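Residue numbers (the numbering used here), protein chains in the order written: chain L, 281 to 472; chain F, 281 to 472. Okay, structure first, notes after.
Number of protein chains: 2
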Amino acid sequence: MYTARMDTAERLITSTQELLWERGYVGTSPKAIQERAGAGQGSMYHHFRGKADLAVTAMDRSAAELRAQADAVLTEGATPVARIGAYLTREREPLRGCRVGRMAMDPDVIDSDELRRPVEETFVWLRERLAGIVADGVAAGELAPELDPSDTAAAIAAVVQGGYVLARAAGSREPFDRAVRGALALLTAARP
Amino acid sequence: MYTARMDTAERLITSTQELLWERGYVGTSPKAIQERAGAGQGSMYHHFRGKADLAVTAMDRSAAELRAQADAVLTEGATPVARIGAYLTREREPLRGCRVGRMAMDPDVIDSDELRRPVEETFVWLRERLAGIVADGVAAGELAPELDPSDTAAAIAAVVQGGYVLARAAGSREPFDRAVRGALALLTAARP
DNA sequence: GTCTATATCGTGATAGAC
DNA sequence: GTCTATCACGATATAGAC
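The following block contains the structure:
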């Protein structure tokens with residue numbers, strides 16, 4: 281499953297990233313990680329102090345990847361509203377959920393400052409990034425001046441995260457696409 | 281912790297409701313349920329076929345309670361937009377998450393049609409209920425006719441579910457309140 | 001660095017006494 | 001109906017050989 285060029289520590293990290301996305305922190309066992317990575321117990325505990333240590337490493341990695349993807353797409357459009365539209369309609373697999381956002385529902389993640397940190401940082405960054413674009417839209421006269429940038433940014437981020445919930449609940453991506461279209465229509469209707 | 285008037289089966293169900301809300305399905309063990317309910321192994325397996333059976337019963341109960349609360353609040357306002365506002369700003373504890381929505385991130389719940397059913401039904405109902413109100417708002421000239429009721433409803437439901445994610449990620453209810461305010465501002469700006 | 005052995009505890013369930 | 005005993009297995013980790 282993995283190329284021979286990837287060393288053991290690296291395979292442990294990517295395997296953990298996958299499993300955290302698929303099953304969350306509570307639902308992911310060291311044994312499952314080792315099996316997917318093709319590594320033994322000894323290797324895992326040689327490279328990492330334990331499950332939590334490995335999970336923090338994997339989550340930092342996933343957070344950085346997500347941020348890079350989001351940043352790329354948020355730079356795409358010609359106007360602020362087009363950039364938000366590019367973020368909302370970016371290619372996704374809604375049934376898989378958000379690899380970072382899903383961690384927020386994990387009790388052990390929320391109870392640990394260390395495990396929660398990458399999740400918190402990701403959404404702080406995303407909301408600030410979106411708020412800046414909304415502010416640009418207001419300044420450019422593309423969005424109504426009554427819109428508070430931080431509030432609007434939170435709503436946009438929430439639509440995506442909540443869209444994942446609706447899609448997984450339905451067993452279909454349809455509600456995700458509806459939520460995104462609905463949010464875009466509201467933004468379009470909110471011109472000055 | 282529980283009144284003596286509550287019998288064992290009932291205590292098992294309410295304890296499971298609480299634990300599913302706090303820790304999800306994967307994170308909840310039969311032992312934890314029994315301890316909280318003050319019941320032994322034998323009692324649990326006498327009244328229910330196992331963890332999954334008990335969880336379905338508990339989730340059906342939670343879904344019905346949530347629906348009743350949402351329905352009450354969705355009837356409150358004088359106009360369609362006021363009713364949506366009442367739903368969005370309804371008293372909540374964002375850091376606890378949604379007791380039904382959180383189940384959508386649980387791998388074992390999503391993999392089982394039986395366990396997923398109550399979650400799916402809840403959001404189908406909610407989205408249809410919200411869509412009806414949006415349609416009323418459009419018909420009454422309170423909302424722009426370009427708004428598709430089903431899409432708008434999905435966006436509203438997603439803002440709430442995603443707001444929970446943002447709040448738990450931040451360790452603070454603030455982003456939830458921002459998302460809700462942001463959504464309301466967009467709806468207010470989307471008058472015809 | 002990786003392996004196997006071992007330890008302790010929890011999970012999810014069954015059996016049968018009371 | 002409820003209890004305790006028991007079970008097979010997995011979770012999470014340590015120890016020490018190789």
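Built from N, CA and C at the ideal position, the CB exists for glycine as well. Being a predicted model, the structure only gives us computed values, none of them experimental.
Exposed or buried, Pro360 (chain F), counting other C-beta atoms within 10 Å across all chains shown (16 or more means buried)?
Translated into the one-based positions of the second sequence, residue 360 (chain F) becomes position 80. Around the beta carbon of Pro360 (chain F), 16 or more other beta carbons lie within 10 angstroms, which makes this residue buried.
Using a Cβ-Cβ cut-off of 8 Å, state whether Ile482 (chain L) counts as contacting chain F.
Any property of residue 482 (chain L) remains undetermined from this structure, which presents chain L solely from 281 to 472.
Name the chain F residues whose beta carbon is nearer than 7 Å to that of Gly322 (chain L)?
To locate residue 322 (chain L), count along the first sequence from 1; it is residue 42. Within 7 Å Cβ-Cβ: nothing; Gly322 (chain L) doesn't reach chain F, min ~27 Å.
Report all residues from its chain with a CB closer than 8 Å to the CB of Pro387 (chain L); omit the five preceding and five following residues, and keep chain order.
By one-based count along the first sequence, residue 387 (chain L) stands at place 107. These residues qualify, in order along the chain: Val306.
Exposed or buried, which one is Pro472 (chain L) when buried takes at least 16 other CB atoms within 10 Å?
Counting from one through the first sequence, the residue named residue 472 (chain L) turns up at place 192. So Pro472 (chain L) counts as exposed.
Among the candidates F:Ala424, F:Arg396, F:Ala420 and F:Asp431, whose CA atom is the shortest distance from the CA of Val336 (chain F)?
Counting from 1 along the second sequence, the entry for residue 336 (chain F) is found at position 56. That would be F:Arg396, whose Cα lies nearest to the Cα of Val336 (chain F).
Tell me the rounded alpha-carbon separation between Ser323 (chain F) and Arg329 (chain F).
As a first step, residue 323 (chain F) must be located in the second sequence, where it is residue number 43. As a first step, residue 329 (chain F) must be located in the second sequence, where it is residue number 49. Rounded to whole angstroms, Ser323 (chain F) to Arg329 (chain F) spans 11 Å at the Cα level.
Which bits of chain L does Ala430 (chain F) rub up against, with CB to CB less than 7 Å?
Here residue 430 (chain F) refers to the residue found at position 150 when the second sequence is read from its first residue. Per the sequence presented here, residue 430 (chain F) reads as Ser, with Ala not at that position. Arg458, listed in chain order.
Please state the DSSP three-state secondary structure of Thr283 (chain L).
Numbered from its first residue, the first sequence carries residue 283 (chain L) at position 3. Because the pLDDT of Thr283 (chain L) is 47, which lies under 50, any placement of that residue in the model is unreliable, and the number read from its coordinates should be weighed accordingly. If DSSP states are grouped into helix, strand and coil, Thr283 (chain L) belongs with coil.
What does a CB cutoff of less than 6 Å around Gly417 (chain F) pick up in its chain, not counting 5 residues either side in sequence?
Here the question's residue 417 (chain F) lines up with position 137 in the second sequence. Contacts found: Pro360, Val361 and Leu423.
By the three-class DSSP mapping on this structure, what secondary structure does Arg372 (chain F) have?
Position 92 of the second sequence, counted from the first residue, corresponds to residue 372 (chain F). For Arg372 (chain F), the secondary structure class from DSSP, reduced to helix, strand or coil, is coil.
How is Ser452 (chain L) classed by DSSP in three states: helix, strand or coil?
Here residue 452 (chain L) corresponds to residue number 172 of the first sequence, with the count starting at 1. In the structure shown, Ser452 (chain L) sits in coil (DSSP, three-state: anything other than H, G, I, E or B).
CB Ala459 (chain F) to CB Gly442 (chain F), shorter than 8 Å?
The count along the second sequence starts at 1 and reaches residue 459 (chain F) at position 179. The count along the second sequence starts at 1 and reaches residue 442 (chain F) at position 162. In contact: Ala459 (chain F) and Gly442 (chain F) (Cβ atoms closer than 8 Å).
Quick check: the segment 287-300 of chain F against the segment 372-384 of chain L, are there 3 or more CB pairs under 8 Å?
no
Determine the DSSP secondary structure at Phe403 (chain F), reduced to helix, strand or coil.
If you number the second sequence from 1, residue 403 (chain F) lands on position 123. Of the three classes helix, strand and coil, the one that applies to Phe403 (chain F) here is helix, per DSSP.
Work out the CA separation of Ser392 (chain L) and Val399 (chain L) for me, nearest whole Å.
On the first sequence, position 119 is the one that residue 399 (chain L) refers to. On the first sequence, position 112 is the one that residue 392 (chain L) refers to. Using only the alpha carbons, I get a separation of about 11 Å.
One question on the structure: do Arg341 (chain F) and Asp431 (chain L) come within less than 8 Å of each other, judged by their Cβ atoms?
Within the second sequence, the letter at position 61 stands for residue 341 (chain F). Within the first sequence, the letter at position 151 stands for residue 431 (chain L). Their beta carbons are not under 8 Å apart, which means Arg341 (chain F) does not touch Asp431 (chain L) by this criterion.
Do Tyr367 (chain F) and Val353 (chain F) have their C-beta atoms within less than 8 Å of each other?
In the second sequence, counting from the first residue as 1, residue 367 (chain F) sits at position 87. In the second sequence, counting from the first residue as 1, residue 353 (chain F) sits at position 73. Closer than 8 Å, so yes.
Nearest to Glu408 (chain L) by alpha carbon, out of L:Ser452, L:Ile436 and L:Gly421?
To locate residue 408 (chain L), count along the first sequence from 1; it is residue 128. Residue L:Ile436 is the option with its Cα nearest to Glu408 (chain L).
To the nearest angstrom, how far is it from the Cα of Leu226 (chain L) to the Cα of Ala411 (chain F)?
It is not possible to answer for residue 226 (chain L), since the shown part of chain L is limited to 281 through 472.
Under three-state DSSP, which class holds Leu446 (chain L)?
Counting from one through the first sequence, the residue named residue 446 (chain L) turns up at place 166. In this structure, Leu446 (chain L) counts as helix in the three-state DSSP scheme.
If the criterion is Cβ atoms closer than 8 Å, does the pair Ile313 (chain F) and Leu334 (chain F) meet it?
In the second sequence, counting from the first residue as 1, residue 313 (chain F) sits at position 33. In the second sequence, counting from the first residue as 1, residue 334 (chain F) sits at position 54. Contact flag set, yes.
According to DSSP, simplified to helix, strand and coil, what is Val460 (chain F)?
Residue numbering aside, residue 460 (chain F) sits at position 180 when the second sequence is read from its first letter. Three-state result, Val460 (chain F): helix.
Against chain L, with Cβ distances strictly below 8 Å, would Thr296 (chain F) count as a contact?
Taking the second sequence and counting its residues from 1, one reaches residue 296 (chain F) at position 16. Not closer than 8 Å to any Cβ of chain L, the Cβ of Thr296 (chain F) fails to qualify, so no.
Please compile the residues from chain F whose C-beta is within a distance smaller than 9 Å of the C-beta of Glu400 (chain L).
Your numbering for residue 400 (chain L) matches position 120 in the first sequence. By Cβ distance, chain F contributes Ala449, Ala450 and Gly451.
Just to confirm the assignment, what range does the alpha helix (DSSP H) spanning Glu298 (chain F) have?
In the second sequence, the residue the question calls residue 298 (chain F) occupies position 18. Note, Glu298 (chain F): alpha helix (DSSP H), Thr288 to Arg303.
With 16 as the cutoff for other CB atoms within 10 Å, does Met339 (chain F) come out buried or exposed?
What you label residue 339 (chain F) is simply residue 59 of the second sequence in a count that begins at 1. Buried, since its Cβ has 16 or more Cβ neighbours within 10 Å.
Can a CB atom of chain L be found closer than 8 Å to the CB of Leu410 (chain F)?
Working through the second sequence from its first residue, we reach residue 410 (chain F) at position 130. So, not an interface residue.
Using a C-beta cutoff of 8 Å, does Tyr282 (chain L) count as contacting chain F?
Looking up residue 282 (chain L) in the first sequence gives position 2. Reliability fails at Tyr282 (chain L), whose pLDDT of 45 lies under 50, so the model's placement of it is uncertain and the value that follows must be treated cautiously. No, because no Cβ of chain F sits closer than 8 Å to the Cβ of Tyr282 (chain L).
Classify Val306 (chain F) as helix, strand or coil using the three-state DSSP reduction.
To locate residue 306 (chain F), count along the second sequence from 1; it is residue 26. In the structure shown, Val306 (chain F) sits in coil (DSSP, three-state: anything other than H, G, I, E or B).
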